[in-house]
Amino acid sequence: MDTMTATAALPVQKAPSGAMGVIEVAGLAKRFGTVTALENIDISIGKGEFVAIMGPSGSGKTTLLNILSCLDTPTEGKYILDGIDSSLLTEKQRTVIRREKIGLVFQQFHLIPYLSALENIMLAQHYHSMPRKDEAMAALSRVGLDHRWDHLPSQLSGGEQQRVCIARALINEPAIVLADEPTGNLDEKNEDLVMDLLKQLNKDGCTIILITHNPELGLLTDRVIRLSHGHLEEAAP
């Protein structure tokens, strides 16, 4: 698909009418010294939506993702996550929120190289609850990799490593999955596999927020939120 055509066909960033917002952002700004990364951001994301956040490099996508995942806090404004005002939380409480409600998938796999696929998942499980091999195996099965449970990351393809990362993100059964360029290092076949997994998760009721540069991937989501130089782009009339 032509990139310009795909971009023009992307839906605008208005929240669907009547949607129950699991994420509400109002007047949000983030500054690093004299540098403004985000300014006056207002976003509502409904429960069970599949939303893409798009924009060129330097537009503030990763900064916004860090705030939405409670890895960082805004300089101004409010971020309400599932009815909880994150600005009122301590760092420890934000850690609990991440553990209980959010699954993170990154472009870089961040797998422990000397642990097997199963052990990588069980390590993540350890920080949420008691590690259970049967649950970790079930997560691997969900992404089609239960037959590779004993393989080290170096013995897995890039697509397989990313699927392990998705299984790791799912081990705490999060209500929200935040995926930062999850297909950026993958070939077309594995990109399709990862997107199919995300679409299935969304079909199962998970809210998915996808950070991507790829307009064709944006077309696979319910709608797109566009950032430019730290601001929301105006919707086309």
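Numbering (this note's numbering), first residue to last: -6 to 230.
Glycine included, each C-beta is placed from N, C-alpha and C at the ideal position.
Enclosing alpha helix (DSSP H) for residue i [first to last residue]
| i | result |
| --- | --- |
| L236 | Nothing about residue 236 can be reported from this structure: the residues present for the chain run from -6 to 230 only. |
| E184 | 181 to 196 |
| G211 | 208 to 211 |
Enclosing beta strand (DSSP E) for residue i [first to last residue]
| i | result |
| --- | --- |
| S37 | 28 to 39 |
| V170 | 169 to 173 |
| V15 | 14 to 25 |
| V217 | 216 to 221 |
Inter-residue Cα distance where the pair is residue i and residue j
| i | j | result |
| --- | --- | --- |
| E226 | L190 | 29 Å |
| L111 | S134 | 11 Å |
| D185 | G96 | 20 Å |
| S221 | S50 | 9 Å |
| Q148 | Q154 | 9 Å |
| V89 | A162 | 15 Å |
| T200 | W142 | 27 Å |
| G14 | Q101 | 29 Å |
| Q86 | A132 | 26 Å |
| M47 | I73 | 21 Å |
| P175 | L81 | 30 Å |
| A160 | S109 | 13 Å |
| K71 | H140 | 44 Å |
| H144 | M115 | 14 Å |
| V44 | M188 | 13 Å |
Residue(s) in a DSSP beta bridge with residue i
| i | result |
| --- | --- |
| D143 | BP columns for D143 are empty, so no partner. |
| T200 | I169 |
| L225 | L220 |
Test: residue i CB closer than 8 Å to a CB of chain B
| i | result |
| --- | --- |
| D197 | Absent from the structure: chain B. Only one protein chain is present. |
Cβ distance (whole Å) where residue i is taken to contact residue j below 8 Å
| i | j | result |
| --- | --- | --- |
| G41 | G198 | 6 Å |
| L104 | C63 | About 22 Å separates the two Cβ atoms, so there is no contact after all. |
| N165 | R219 | With 8 Å as the limit, N165 and R219 do not qualify as a contact, their Cβ atoms being about 30 Å apart. |
Check: Taking the runs of the alpha helix (DSSP H) that are 4 residues or longer, which of them lie wholly in the region 40 to 82?
Finding: Runs found: 54 to 61.
Margin query: Ignoring anything shorter than 3 residues, give me the beta strand (DSSP E) runs that lie fully in the region 87 to 128, in order along the chain.
Written below: Those beta strand (DSSP E) runs which fall completely within the region 87 to 128 and span 3+ residues are 95 to 99.
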